[in-house]
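Heads up: the sequence shown at position 379 corresponds to 387 in our numbering, and the numbers run straight through without jumps. Think of the CB as a built atom: it goes at the ideal place given N, C-alpha and C, for glycine as much as any other residue.
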Amino acid sequence: MFQKPLKVSVIGLGYIGLPTAATMANSGLEVIGIDVNERTVDTINKGDIHISEKGLDILVRAAVQRQSLRASTTPHYADAHIIAVPTPITEDKKPDLSYVVSATKELCKVLRKGDLIILESTVPPGTCANVVAPIIELELGLSHESDYYLAHCPERVIPGNILTEMIKNDRIIGGTTPEATRRTADLYRHFVEGQLLLTDATTAELCKLMENTYRDVNIALANELASIAEGLNVNIKEAIKLANHHPRVNIHAPGIGVGGHCIPIDPWFIIDADPQKAKLMRQAREINDGRPAEFAARILDFIDHHEGQVALLGLSYKINVDDMRESPAMHIAEEIAKKTKSKVWLVEPHLNALPPELVSYERLELVSIERAFREAKHFISLVDHSIFKGAAETYQKEIHDVLSLTAVNAVLNPS
């Protein structure tokens with residue numbers, strides 16, 4: 009059992025790490041946030057934030073003023089250490105655990121016997137036992153079975169509502185030993201109001217991947233049904249609405265693909281664990297990954313058959329957030345830029361400049377909402393930010409949902 013006051017270090021101050029650190033710091037814990045980015049550290053120590061998330065600025069400012077939260081570029085001694093670093097995939101769809109490995113090695117500089125390590129990053133099954141623990145044993149000669157405590161507690165939050173879900177959502181906690189599980193639960197009870205579901209580390213690692221893979225597969229089903237319905241001249245929105253009246257059916261809404269850092273990435277961690285058995289998951293990934301190219305082709309066809317300036321609305325991976333990671337809209341814009349001969353306007357209220365991935369394309373221009381709605385002739389919504397509806401009403405313009413573009417000469421179908 010921990011003795012108060014409890015000191016916690018949070019390694020990685022991004023979309024998950026900073027809200028975690030701020031929430032803990034406002035729940036009676038002393039928190040030191042660790043990040044390799046000096047600008048991020050300086051920003052936080054001034055009581056400001058470097059990412060956009062509802063309510064986070066208030067929480068960080070309060071914690072910094074109270075001196076319960078500070079940031080550093082170097083690891084610090086603490087009773088508990090939370091690793092919340094990115095876990096991307098490589099170009100050949102393999103898990104990239106380099107950030108986890110680097111964070112663990114840095115942590116070894118300050119790790120002491122009896123410390124608790126919690127891996128919050130989404131990782132392949134077995135990462136705690138087969139990656140993190142061996143590094144610590146090699147560097148320090150410490151065993152996770154007797155010298156320190158190691159657990160996995162995956163986050164389950166959605167951008168735009170992170171702070172609420174971090175407190176209200178149930179959490180899965182799995183330690184490499186029962187005592188590690190118990191100690192992690194003791195820590196999270198400081199701020200989690202949801203149920204704490206206790207298991208072992210590998211099960212916890214798999215559970216997070218299962219959750220997002222379930223969503224990915226069901227989105228792929230909806231996207232495939234949408235393609236079939238189009239060939240049958242059936243309104244897929246109406247068909248799904250009717251089908252979902254069945255008490256045991258819940259078909260998802262089709263879309264232009266799947267974005268964010270979780271759903272497009274996590275299934276590959278399971279696929280990599282057993283490629284021969286993960287056939288459905290791989291096919292779902294291929295279906296969803298193929299959607300941006302399909303809709304880019306339809307928009308290109310629309311541009312070829314319509315006169316006047318076209319403005320594409322929205323670049324983030326979901327509505328009303330500033331997160332561009334793995335955004336299908338970004339992939340659509342890039343695909344269009346490679347092939348169009350026309351100037352295409354992009355409108356994204358969360359950006360002040362084109363993202364690095366798009367900056368080299370001369371045919372793309374990021375314009376303000378005001379300029380777009382004053383001067384453009386055609387508006388195609390890729391991401392339905394709330395602000396676009398108000399602008400359309402103000403300027404009396406019509407916005408076309410990209411999903412309403414059919415495959416034949418990009419005709420606009422009624423939604």
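(request) Could you check the C-alpha separation between residue 316 and residue 371 for me, to the nearest Å? (result) Rounded to the nearest angstrom, the two C-alpha atoms are 15 angstroms apart.
(request) Please go through the same chain and pick out, in chain order, the residues whose beta-carbon is closer than 7 angstroms to the beta-carbon of residue 290, but skip the five residues on each side of it. (result) Cβ neighbours of residue 290 beyond the five flanking positions: 279.
(message) Output needed for residue 143: all residues of its chain with C-beta closer than 8 angstroms, excluding positions within five of it in sequence on either side, in chain order.
(response) Same-chain partners within the cutoff: 109, 112, 113, 116.
(message) So if DSSP puts residue 207 in a beta bridge, which residue, or which two residues, is it bridged to?
(response) The secondary-structure analysis by DSSP pairs residue 207 across a beta bridge with 182.
(message) Tell me the residue span of the beta strand (DSSP E) that contains residue 15.
(response) Start and end: 15-19.
(message) Short of 8 angstroms in beta carbon distance, which residues of its chain neighbour residue 174, apart from the five on each side in sequence? Order them along the chain.
(response) So the qualifying residues of the chain are 27, 28, 31, 163, 165, 199, 200.
(message) Pop quiz: residue 281 and residue 132 are said to be a contact at Cβ under 8 angstroms. What is the actual Cβ separation, rounded to whole angstroms?
(response) Beta-carbon to beta-carbon, residue 281 and residue 132 are separated by about 6 angstroms, close enough to satisfy the 8 angstroms threshold.
(request) Out of 276, 305, 284, 306, state which residue places its alpha-carbon closest to the alpha-carbon of residue 294. (result) Closest option to residue 294, Cα to Cα, is 276.
(request) Could you tell me if residue 216 is buried or exposed, where buried requires 16 or more neighbouring beta carbons within 10 angstroms of its beta carbon? (result) Looking at its Cβ environment, which holds 16 or more other Cβ atoms inside 10 Å, residue 216 is buried.
(message) At the level of alpha carbons, what is the spacing between residue 408 and residue 268?
(response) Each residue's Cα considered, the two are about 24 angstroms apart.
(request) Could you check if residue 123 is buried or exposed, using at least 16 other CB atoms within 10 Å of its CB as the buried criterion? (result) When all chains shown are included, residue 123 counts as buried.
(request) Work out the CA separation of residue 139 and residue 151 for me, nearest whole Å. (result) Rounded to whole angstroms, the gap between the alpha carbons of residue 151 and residue 139 is 13 angstroms.
(message) Helix, strand or coil for residue 411? Go by DSSP, reduced to three states.
(response) Three-state DSSP puts residue 411 in a helix.
(request) Please report the Cβ distance between residue 358 and residue 60, rounded to the nearest whole angstrom; I am assuming they are in contact, meaning their Cβ atoms lie under 8 angstroms. (result) At roughly 7 angstroms, the Cβ-Cβ gap stays under 8 angstroms, so residue 358 and residue 60 are in contact.
(message) Which complete beta strand (DSSP E) runs does the segment 261-338 hold, if anything under 3 residues is left out?
(response) Taken in chain order, the complete beta strand (DSSP E) segments of 3 residues or longer contained in the segment 261-338 are 318-321.
(request) Specify, as a first and last residue, the run of the alpha helix (DSSP H) that residue 77 falls within. (result) Boundaries around residue 77 are those of the beta strand (DSSP E), 77-80, since no alpha helix (DSSP H) includes it.
(request) Would you be able to state if there are at least three C-beta pairs under 8 angstroms between the segment 204-221 and the segment 170-187? (result) Three or more beta-carbon pairs separated by less than 8 angstroms link the segment 170-187 to the segment 204-221, which places the two stretches in contact.
(request) Could you check the C-alpha separation between residue 38 and residue 14 for me, to the nearest Å? (result) Computed Cα separation, rounded: 6 angstroms.
(request) Verify whether the separation of the beta carbon atoms of residue 98 and residue 43 is less than 9 angstroms. (result) No. Outside cutoff.
(message) Just to check my reading of the structure: residue 230 and residue 292 have Cβ atoms closer than 8 angstroms, yes? What is that Cβ distance to the nearest angstrom?
(response) With a Cβ gap of about 11 angstroms, residue 230 and residue 292 do not count as contacting.
(message) Just to confirm, is the Cβ distance from residue 192 to residue 157 under 9 angstroms?
(response) In terms of Cβ geometry, residue 192 and residue 157 form a close pair [threshold 9 angstroms].
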